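Residue numbers (this note's numbering): 865 to 1237. Ideal placement from N, C-alpha and C gives every residue a C-beta, glycine not left out. Note that the coordinates shown come from a computational prediction; the quantities given were computed from them, not determined experimentally.
Shown next, in the form of structure tokens:
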């Protein structure tokens, strides 16, 4: 059973989200794609497949554009019979690849893009998502802030398009859960002294003693946010891109078997498991468990299992996971993590849902903008 891994071109984003002093000296700060997570998933899948006489194989291909990845997909499909593919590519490339592959009998798993659009207007019936989207992350954060009664939020928004999308997701979450955004201030990544007010934390966080309860930073690539904690004018917690961050996975989580997964990963690769590593791992596990439960490796059977609302996929974060049929997003708790500790897990028990409490995070069925063609 061949599973394809299609890696897009992330370019200079490989170098983002690193403190300048690190400069690639430490293993955790070196560029890593989540192929390692997929490999751990394949290791686990071998145990499940052995009883059925199925051997799982992972085939990696790279390409800069969607067309190149589609060519690789077709080759793996025709030459090796691959029908399941993990997609490690940016938002636009992933969306275009799903369109190109729409007429083929294949399933794609997005393991790298947090983009809301891929679960909304750019969704595709052949594309599943194991990584949470921005809406899920910011909803989790909003729930945490409401429970803590930190209701007034100052938003610092970066200049990049991704920053604006993250800030927009947080504004949606704030409205949904009753937070008040007191102001949105834009920071610039520049050393120009004329732009001092736009890049100094002290200037950006000025205010009266009761102006805000917390600071949310929308800084997708982490080039500014690491400077914000302990630099705000008011003594307030920092959340979002730094401080307390909503995560799909974190190495410090100690419940539900997570240490076992983390330790195996660290022993094999000498680094800590990331959100995207986890997303690739659970994508492979979703497929191997579907084959085991349905006792069939047919793609139609796998798809039917994935969309079964009664499945109980164990993703080592607690609870029984399943995929939302309206946008193919994996339901999951979100870990609220500092640099070295998981402080809370969302959804919080205070937020109820008529059917599944995990649907309090992200796009619920009544609000979905996804329409499969």
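Straight-line CA distance for residue i to residue j?
i            : j            : result
residue 1218 : residue 936  : 43 Å
residue 831  : residue 898  : No information on residue 831 is available, as it lies outside the stretch 865 to 1237 that the chain covers here.
residue 874  : residue 1073 : 42 Å
residue 1011 : residue 1214 : 8 Å
residue 988  : residue 924  : 23 Å
residue 913  : residue 867  : 13 Å
residue 908  : residue 920  : 10 Å
residue 1209 : residue 1197 : 7 Å
residue 1063 : residue 1095 : 12 Å
residue 1235 : residue 1172 : 19 Å
residue 969  : residue 1039 : 40 Å
residue 1070 : residue 1089 : 16 Å
residue 890  : residue 1125 : Interpretation of residue 890 is limited by its pLDDT of 47, a score under 50 that renders its predicted location unreliable; the figure taken from the coordinates is listed afterwards. Rounded to the nearest angstrom, the two C-alpha atoms are 22 Å apart.
residue 1091 : residue 1066 : 10 Å
residue 1168 : residue 1045 : 42 Å
residue 1041 : residue 1006 : 7 Å
residue 948  : residue 1156 : 15 Å
residue 967  : residue 973  : 16 Å
residue 984  : residue 971  : 18 Å
residue 910  : residue 1053 : 47 Å
residue 1153 : residue 1177 : 8 Å
residue 1179 : residue 869  : 20 Å
residue 1229 : residue 1002 : 18 Å
residue 1233 : residue 944  : 36 Å
residue 1224 : residue 960  : 29 Å
residue 1164 : residue 1106 : 42 Å
residue 894  : residue 915  : For residue 894, the predicted structure reports a pLDDT of 46, less than 50, and the residue's modelled location is therefore unreliable. A value from the coordinates is still provided. C-alpha separation (whole angstroms): 38 Å.
Using a 10 Å radius around the Cβ and a threshold of 16 neighbouring Cβ atoms, would you call residue i buried or exposed?
i            : result
residue 1190 : buried
residue 1174 : exposed
residue 1161 : buried
residue 1145 : buried
residue 1104 : buried
residue 892  : Summary for residue 892: the model assigns pLDDT 48, below 50, so the residue's position carries little reliability, and this model does not support an answer.
residue 1035 : buried
residue 1130 : exposed
residue 917  : exposed
residue 1193 : buried
residue 1186 : buried
residue 1099 : exposed
residue 1203 : exposed
residue 927  : buried
residue 1022 : buried
residue 1093 : buried
residue 1026 : buried
residue 887  : Below a pLDDT of 50, predicted positions are generally treated as unreliable, and residue 887, at 44, falls in that range; the measurement from the model is reported next regardless. Exposed.
residue 1138 : buried
residue 946  : buried
residue 922  : buried
Can you find a heavy atom of the ligand FMN that lies under 8 Å from the Cβ of residue i?
i            : result
residue 1230 : For the structure depicted, the ligand FMN is absent and the ligand set is empty, with no information on it obtainable.
With C-beta atoms as the reference, is residue i less than 9 Å away from residue j?
i            : j            : result
residue 982  : residue 958  : yes
residue 995  : residue 1143 : yes
residue 1082 : residue 1159 : no
residue 1166 : residue 1148 : no
residue 1183 : residue 1000 : no
residue 1123 : residue 1117 : yes
residue 962  : residue 1200 : no
residue 1008 : residue 1212 : yes
residue 1222 : residue 992  : no
residue 1018 : residue 1078 : yes
residue 1033 : residue 998  : yes
residue 900  : residue 975  : no
residue 1115 : residue 1136 : yes
residue 1020 : residue 1068 : yes
residue 906  : residue 1128 : no
Among the options, which residue has its Cα nearest to the Cα of residue i?
i            : options                : result
residue 931  : 953, 964, 910, 944     : 964
residue 871  : 1170, 952, 920         : 952
residue 1024 : 1093, 1087, 1164, 1123 : 1087
residue 1220 : 1188, 1090, 1202       : 1188
residue 1016 : 1095, 1067, 1075, 1089 : 1075
residue 1119 : 1206, 1041, 1212       : 1206
residue 839  : 977, 943, 942          : Outside the displayed range of the chain (865 to 1237) lies residue 839, so it cannot be described from this structure.
residue 1047 : 1026, 1037, 1080       : 1080
residue 1112 : 944, 1181, 1133, 1134  : 1181
residue 1013 : 954, 1101, 979         : 1101
residue 954  : 980, 1049, 1216        : 980
residue 1231 : 942, 1030, 1037        : 1037
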